[in-house]
Every structure is written in C-alpha cells, then in structure tokens.
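Residue numbers (my numbering): 325 to 548.
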C-alpha cells in the first residue's frame, strides 16, 4: 500500500501534465499498433495482385506511413513532457527539503551538512526511480498490453511478420543505443555533477542564512 501512496503522491505533484502524458501514451500505442495492423491488408492486396492504382490500396499504403510519422512525433512530445515533469518534480521535492532544513538552527545544519547532502542525493535518486516506474512501466503497460492484444485479434497478419517487425525495431534501437551511449553517459555524468554542486551550494546558502539570522538575534538580545 505504501508504494501506491508514493506513486499517487508523485502523480499528484504534476496532475495535469501526468494526465496529458497518459493520453499521449494512449495515442502513441494506438498509432503504433495501427501501423502494424495495416500490414495485414497490404499483404492481402499483394497476394491478390491488386493494381497499384487501386484507391483502396493507395489508402492502405498511406496509413502505415502516416501512423509511423504520428507515433514518432508523439514520442518526441512524450520525451519533452516527461523530462519537463521530471524537472518540476525534482524542483518541488528539493524545495520541500530545503524549507524543512531552513527551519533548523545554524549549528545543527553545520553539524549535519553531510547528512543533508546525502538526503538531497537520495531524494533525487527516488524522484528519478519513481518517474522511471510511472512513465516507462506503469503508463506504458496500461495501454500497450490491451491495445496490442486488441489489434492482434483484429488483424489476420501472420505472427512471424510482427516478430520480424519487432526484431528489426530492436536491432535499430540497439544500434542507436550503442552509437549514442557515450554521449548519453557524458550528459548523465554532467547532470549528476551539476545536481551535486547545486545541492552543496544550497546547503552552504542555508548555513549562511541561518548564521546571519542567529547573529541578528544575538545582537538584539545582547546589544552591549
């Protein structure tokens, strides 16, 4: 039950954006499955040796192209929106933790600064993990599995064509991943470095702020 409450908390942090992402996931998997679904009709036309000029054949040729373009652009929007939500979630959690630390005394912050930096890092790790769980698994599975099953029942396409299509997509994904993984690793390292420096700066700023407040109080209480 605790896991569900945590997921609910993270979803409610950016409720509108999360519902938009959920809707985009639905569109993405709908167009992706439509793309696969159209192959069954294309194969029928080819087997029956239908003329290329046939309007119906042209329509079914255009559908996989259009559906591919649509689910490709929807995926790009999803990446942008997901990263935006991830940033907002991270910022809200850091602000919550910062406000909590700000209530502590200067001496307490100075004594536990290592602990607070660790809390920042753990907090960021939890945010990234929960967003990965929500967007890559929960939202995707919610639409991917039922829509895929539905289109498989509707289509008369041979299963080996779907397997071949998925296998080709997997090979392309692996090639892209291998080619760009060094760049992605560098970006991830840079992001972690920036976040770590930001956490240290915020801790230092809080310490100075608390010290300044403490000094003002001392001056008012002991004017001489």
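Don't be surprised by glycine CBs; every beta carbon is placed ideally from N, CA and C.
Cα-Cα separation, residue i to residue j
{"i": "residue 350", "j": "residue 418", "result": "31 Å"}
{"i": "residue 413", "j": "residue 391", "result": "32 Å"}
{"i": "residue 346", "j": "residue 404", "result": "14 Å"}
{"i": "residue 363", "j": "residue 415", "result": "45 Å"}
{"i": "residue 420", "j": "residue 427", "result": "11 Å"}
{"i": "residue 503", "j": "residue 387", "result": "31 Å"}
{"i": "residue 352", "j": "residue 495", "result": "20 Å"}
{"i": "residue 344", "j": "residue 398", "result": "12 Å"}
{"i": "residue 547", "j": "residue 422", "result": "Note on residue 547: pLDDT 49, under 50, position unreliable in the model; the coordinate value appears next. Roughly 31 Å between the two C-alpha positions."}
{"i": "residue 396", "j": "residue 499", "result": "18 Å"}
Reference residue i, options the options, closest by Cα
{"i": "residue 411", "options": "503, 495, 423 and 341", "result": "341"}
{"i": "residue 380", "options": "394, 393, 365 and 389", "result": "365"}
{"i": "residue 406", "options": "495, 499, 422 and 338", "result": "338"}
{"i": "residue 280", "options": "416, 357 and 422", "result": "Past the boundaries of the shown model lies residue 280; the chain is included only from 325 to 548, so the question cannot be answered."}
{"i": "residue 336", "options": "409, 495, 503 and 499", "result": "409"}
{"i": "residue 384", "options": "398, 397 and 359", "result": "359"}
Pair within 8 Å by beta-carbon distance, residue i and residue j
{"i": "residue 382", "j": "residue 348", "result": "no"}
{"i": "residue 394", "j": "residue 361", "result": "no"}
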